[in-house]
């Protein structure tokens, strides 16, 4: 910053200009050049013997060449009465215009430096490691919102959470604890929370009493749906990396991730509306493929998962036992009894003339598998026998039967329609199954003539 009372020197010597000090313009040599013992462009004599020619003050060394000098060579000394120029021959070096330009640049630099230096928190800038991503400051608050929603709301909507306290504790407490050390599980937890919020907040909340909105800061259902997709994509990518090396230490986290992923796949197409896709037969087959993969994980690490803190998820007990927290005392399911009778009639029907042997075999395998799972679910008791059938049958399907479904073979579709009846009944109990049964059955009826 220029000193108070400073007045510009238009005719000062070159050395004073380089040092940015006021020249008193004395001739034949100004006082500053005499004091430093250097030649003066105003016509002074050479420096006294023993004085280093061109010696300048420390302040001059810092600025000369960095801000002022256009050449690293010293300026020539002119004789009295001659015009002095810089190394490039430009007369601006000895004119006030060049001095004005550098003086204003010098003022701006010092003003900026003083402002930055005296900022009370400028030292915090040194702690920044990488540039901020635009909008990144909002991601962590969004994820905290999803975590809060999961632990406060969404976890209570998962299977058996409302009937078995020990299972509820796994969903609400143990799963988030494991997610802290397994990123793929954390992303899937946030994904299931986001897809649930996209359903809960599809319609904005009513205004509050003070006139404001009661909806959260990002209440758009599409916003949560996008967040669900983002987190699930990351979960799948990281789960794929973990699958080749499943150990006792991570098998519980992998199993929970696969379980939530199955629920999330159902939820993605649940409750179809005019603006959303309707789930069909092929969508259901994709979910079956996923749950078969989950079953493979369960078989390979069954003992380790049972010993883990989430082992109670695999404990089904038997009807009337005390091992399932009182949830297994419900009566047999009339729906499952009805479907058992229908499947029995289907399997007893004579084969049509000239059937392809593989077709008859595949249909029989699919029907027999569904019967086995219905009997097992009813034997283990509980109010979720239908849900166990829904999640388990897909793990037991043969390639022959699923091939018949892809080709829309009539008898195979009759077996699938029995499954669709169970799926439709559960749509009113589980938000992630809503609409599935009706849509799949509509797809079946369009493909069949019966």
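Numbering (full-length UniProt numbering), first residue to last: 1 to 450.
We put the CB at the ideal spot given by N, CA and C, even for glycine.
Being a predicted model, the structure only gives us computed values, none of them experimental.
Could you name the residues of the same chain whose beta carbon sits closer than 6 Å to that of residue 398, not counting the 5 residues immediately before and after it, in chain order?
365
By alpha-carbon positions, which one of 415, 40, 312, 403 ends up nearest to residue 164?
312
So what's residue 16 in DSSP terms, helix, strand or just coil?
helix
Taking Cβ positions, are residue 172 and residue 260 nearer each other than 7 Å?
no
Count the other CB atoms, across all protein chains shown, that sit within 10 Å of the CB of residue 196; report buried if there are 16 or more and exposed otherwise.
Of the other Cβ atoms in all chains shown, 16 or more fall within 10 Å of the Cβ of residue 196; this residue is therefore buried.
Specify whether the region 241-256 and the region 297-307 touch according to this definition: at least 3 beta carbon pairs, one from each stretch, less than 8 Å apart.
Taking a cut-off of 8 Å for Cβ pairs, the region 241-256 and the region 297-307 touch, as three or more such pairs fall below it.
In angstroms with no decimal places, state the Cα-to-Cα distance between residue 291 and residue 395.
Our two residues, residue 291 and residue 395, have alpha carbons roughly 6 Å apart in a direct line.
Of the residues 139, 348, 170, the one placed nearest residue 315, counting alpha carbons only
Measuring from the Cα of residue 315, the nearest candidate turns out to be 170.
Inspect the CB distances between the region 373-380 and the region 424-443 and report whether three or more fall short of 8 Å.
no
Helix, strand or coil, according to DSSP, for residue 368 in the structure here?
Three-state result, residue 368: helix.
Supposed contact pair residue 198 and residue 224 - C-beta distance, whole angstroms, cut 8 Å
4 Å
Buried or exposed: residue 404, going by 16 or more other Cβ atoms within 10 Å of its Cβ?
buried
Cα-Cα separation, residue 11 to residue 40:
12 Å
From 441, 166, 167, 147, residue whose alpha carbon lies closest to that of residue 463
For residue 463 there is no data in the structure shown, the boundaries of the chain being 1 and 450.
Helix, strand or coil, according to DSSP, for residue 445 in the structure here?
DSSP places residue 445 in the helix class (H, G or I) of the three-state scheme.
Over the uninterrupted alpha helix (DSSP H) stretch that includes residue 143, give me the two end residues.
DSSP places residue 143 in the uninterrupted alpha helix (DSSP H) bounded by 139-152.
Check whether residue 160 and residue 153 have beta carbons under 7 Å apart
Between residue 160 and residue 153, the C-beta gap is not smaller than 7 Å, which leaves the two residues out of contact.
From residue 257 to residue 293, what distance separates their C-alpha atoms?
Looking at the backbone, the Cα of residue 257 and that of residue 293 are separated by about 12 Å.
Quick check on residue 233: does DSSP put it in helix, strand or coil?
helix
First through last residue of the alpha helix (DSSP H) which encompasses residue 414:
Where residue 414 is concerned, the enclosing alpha helix (DSSP H) stretches over 410-426.
Could you spell out the range, first to last residue, of the alpha helix (DSSP H) harbouring residue 157?
No residue range can be given for residue 157, since it is assigned to no alpha helix (DSSP H) and is classified by DSSP as neither H nor E.
Do residue 420 and residue 389 come within 7 Å of each other at the CB atom, strictly closer than that value?
no
Residue 409 to residue 363, Cα distance in whole Å?
9 Å
What is the rounded straight-line gap between the Cα of residue 334 and the Cα of residue 371?
14 Å
At which residues does the alpha helix (DSSP H) containing residue 23 begin and terminate?
Segment: none, residue 23 is in no alpha helix (DSSP H) and carries neither H nor E.
For residue 200, does the three-state DSSP call read helix, strand or coil?
Under the three-state reduction of DSSP output, residue 200 falls in the helix class.
Inter-residue spacing [alpha-carbon to alpha-carbon] between residue 140 and residue 246:
Cα to Cα, residue 140 sits roughly 29 Å from residue 246.
In whole angstroms, give me the CA-to-CA distance for residue 361 and residue 284.
The alpha-carbon atoms of residue 361 and residue 284 are separated by roughly 22 Å.
Please tell me whether residue 345 has its Cβ less than 7 Å away from any Cβ of chain C.
Protein chain content of the structure displayed is limited to a single chain, and chain C is not contained in it.
List the whole-angstrom C-beta distance separating residue 184 from residue 238, where the pair is believed to meet the contact cut-off of C-beta under 8 Å.
About 4 Å; that satisfies the 8 Å criterion.
Which whole-angstrom value is the C-beta distance of residue 281 and residue 443, which I expect to be below 8 Å?
The beta-carbon distance between residue 281 and residue 443, rounded to whole angstroms, is 5 Å. This is short enough to meet the 8 Å contact definition.
Taking C-alpha atoms, which residue in 156, 309, 174, 33 lies nearest to residue 19?
33
Under a Cβ-count criterion, where at least 16 other Cβ atoms within 10 Å of its own Cβ denotes burial, should residue 437 be classed as buried or exposed?
buried
First and last residue of the alpha helix (DSSP H) that includes residue 402?
Taken as a continuous stretch (DSSP letters only), the alpha helix (DSSP H) holding residue 402 covers 399-406.
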